[in-house]
Amino acid sequence: MLLDGINHVALISKDVERLGRFYETVFDAKVGETRDHGPGETMTNIRIGPATELNVFVIEGNAEAERQTPMWGRGRLDHVGLAAVSAEAFETIRLRLVQAGASDGTVNDFGTQYSMFFRDPDGLEGEVLMLKSP
């Protein structure tokens with residue numbers, strides 16, 4: 001393969017502080033500084049993996065951060081799948097998501113991996129996956 005994974009996913013939010021606290025609390029993510037990104041825009045990086053970030057934009061007057069649609073009706077990007085580093089991390093994340101009210105904790109068996117879905121404070125649907133041992 002010529003690629004080494006995903007560098008970042010860009011998101012629009014109305015409340016980057018709330019979103020940052022969620023990712024810090026549930027995933028031990030690291031929230032960077034918020035900086036200007038243009039007229040009426042800011043960008044905050046939330047590091048969710050060794051080389052992966054959420055680039056979170058707050059854009060004055062942009063209502064897209066509020067729009068919610070059902071699965072498969074969200075356009076080109078439907079949800080984000082995050083990889084747990086271990087079975088222990090998967091279980092820790094599952095418990096934290098349930099505590100945060102972001103997931104009911106259901107674990108799906110998709111053959112080669114386990115999966116659980118969550119919804120972050122902005123309504124973005126996410127999935128945490130753990131590969132099964134061979």
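Using the UniProt record's numbering, the letters of the sequence shown correspond one by one to residues 1 to 134. Where is the CB? At the ideal position from N, CA and C, for every residue including glycine. Being a predicted model, the structure only gives us computed values, none of them experimental.
Query: Is the beta carbon of MET43 less than 7 Å from the beta carbon of PHE57?; Result: yes
Query: Can you grab the Cα-Cα spacing for the pair PRO39 / ASN62, in whole Å?; Result: 13 Å
Query: Once you ignore the five residues that flank LEU97 on each side, which residues in its own chain have a CB closer than 8 Å to its CB?; Result: VAL26, SER103, GLY105, MET116, PHE118 and VAL128
Query: Less than 6 Å between C-beta atoms, sequence neighbours within five positions excluded: which residues of the same chain meet that for PHE22?; Result: ASP120 and PRO121
Query: What are the start and end residues of each continuous alpha helix (DSSP H) run of 4 or more residues lying completely inside the UniProt domain "VOC" (5-131), in chain order?; Result: 16-27 and 87-99
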